[in-house]
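Numbering (numbering that gives the first Met the number 0), first residue to last: 0 to 344.
Idealized CB from N, CA, C, for every residue including glycine.
Everything numeric in this text was worked out from a predicted model, so none of it was measured.
One structure below.
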Amino acid sequence: MEKVVTQGACRAMSVIPPPPTNKGNTGAAGEASPGVAFAARFLAFGEPRQPGMAVRAPLHPAEEDQFFAAPVSLADITPPPLPEAYLALRRVTQNPMSSDADVAAVISRDPALAAYVLRLANSPLFSPSARVETVTRAVAVIGLGEIETMAASSMLARAFDKTPKPELLSMDDFWRHAVAVGLLARALAERVGERGGERYFVAGLLHDMGRLMLAVAEPGLSGAALGRTLGRKLSMDAAERLELGFDHAALGGRIAVKWRLPDTLCQAVAAHHDPGLCPENPIAAAVHAADFMANALGVRVLPTGGFPRLDERVLPLFNLVEAEPEAFWEILTDGLAAMTALVAP
């Protein structure tokens, strides 16, 4: 897997302890390890809510062609450029002399971005005391330090000029899962008193953008990996590594780097299936845990295969060793539909 984000970028003290020398899944006296017990609780609670597993029907010969692609390296897949509206916003937010009004003026030039920022400022993420009616006020509510990062989520759909084939990726399910991971990651940050919960939300929202990129830009590769999962217990990221030599997390990290998103977000996207790659980044750890939790609770991207791996070392970071799934399911039932309507195109 390419480590354009993780090599040289993760040098601080680790918040994730090194893996234990004992590789077994049992604790003292043969008891299940905390990770196994946690996963079992969430999977049991989510089992009635799981979508039906996809079963691959026989394909017409012509359809087989869409699942054929020549080998390609991670570097061969070129991320799309960011829309000019976002680049203009980046320029003004990075100018230390810019005021809320300056930033609002740039945002207002793009009606779609202005509408998104207003919806965001009025959302439960910020819970303003009074309805936000102007873009200038929205910038003040969100904050100059966060507006560029928060706006990145609105650019994800706009950066791609077409949608993937529905048999490769359901966009409704893609957005529901992305928002669910964002909400759960933010809840994990709040659970342990971490500040900047909005960044946790955005990292969760963007974590699977490599999967979207793969389905849009390389449908043959995406289909070939998908074919390894259907009717099996193999997760999509594991199938991608077997088929392609890299996974959608590595591709998403590459997109985030190319788009010059903040390092912590780049790392969280790239390491969301392996938080040990950036062990000092609590956002990566939160997104990893939240991704497993969303999948276990039934908020999954279809077509789908097995569940992603859970690194149990992240559990103590968010006091999850004894956590029960009901409270996290309530977070999703309370906010998932409204937040998906806010961010999905």
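Residue i classed as buried or exposed, judged by whether at least 16 other C-beta atoms fall within 10 angstroms
i, result
"residue 24", "Note on residue 24: pLDDT 49, under 50, position unreliable in the model; the coordinate value appears next. So residue 24 ends up on the exposed side."
"residue 266", "buried"
"residue 59", "Unreliable placement is indicated for residue 59, whose pLDDT of 36 sits below 50; the coordinate value is still reported in the next sentence. Looking at its Cβ environment, which holds fewer than 16 other Cβ atoms inside 10 Å, residue 59 is exposed."
"residue 63", "Reliability of the predicted coordinates at residue 63 is poor, the pLDDT of 40 falling under 50, and the value obtained from them is presented with this limitation in mind. It is exposed - the Cβ of residue 63 has fewer than 16 other Cβ atoms within 10 Å."
"residue 299", "buried"
"residue 128", "exposed"
"residue 286", "buried"
"residue 95", "exposed"
"residue 198", "buried"
"residue 84", "buried"
"residue 86", "exposed"
"residue 350", "For residue 350 there is no data in the structure shown, the boundaries of the chain being 0 and 344."
Member of the options whose CA lies at the smallest distance from the CA of residue i
i, options, result
"residue 396", "316, 310, 130, 79", "Residue coverage of the chain in this structure runs from 0 to 344, which leaves residue 396 outside it and unanswerable."
"residue 37", "334, 295, 340, 337", "295"
"residue 301", "289, 253, 221, 282", "221"
"residue 269", "161, 73, 337, 160", "73"
"residue 160", "215, 328, 274, 97", "215"
"residue 329", "186, 343, 277", "186"
"residue 271", "257, 313, 244", "313"
"residue 204", "16, 164, 341", "341"
"residue 139", "226, 34, 245, 101", "101"
Span of the alpha helix (DSSP H), counted from its first residue to its last, around residue i
i, result
"residue 265", "262-269"
"residue 99", "99-107"
"residue 343", "Unbroken run through residue 343: none, as it is neither H nor E."
"residue 48", "Element bounds for residue 48: n/a, residue is neither H nor E."
"residue 239", "235-243"
"residue 291", "281-295"
"residue 135", "134-141"
"residue 227", "218-228"
"residue 110", "110-120"
Beta-carbon spacing of residue i, residue j below 8 angstroms
i, j, result
"residue 178", "residue 206", "no"
"residue 242", "residue 32", "no"
"residue 149", "residue 201", "yes"
"residue 239", "residue 255", "no"
"residue 382", "residue 212", "Here the chain covers residues 0 to 344 and nothing more, so residue 382 does not appear."
"residue 117", "residue 105", "no"
"residue 182", "residue 335", "yes"
"residue 261", "residue 14", "no"
"residue 48", "residue 323", "no"
Cβ separation of residue i and residue j, assumed to be a contact under 8 angstroms, to the nearest whole Å
i, j, result
"residue 317", "residue 191", "6 angstroms"
CB contact check: residue i to chain B, cutoff 8 angstroms
i, result
"residue 275", "The displayed structure is made up of one protein chain only, and chain B is not part of it."
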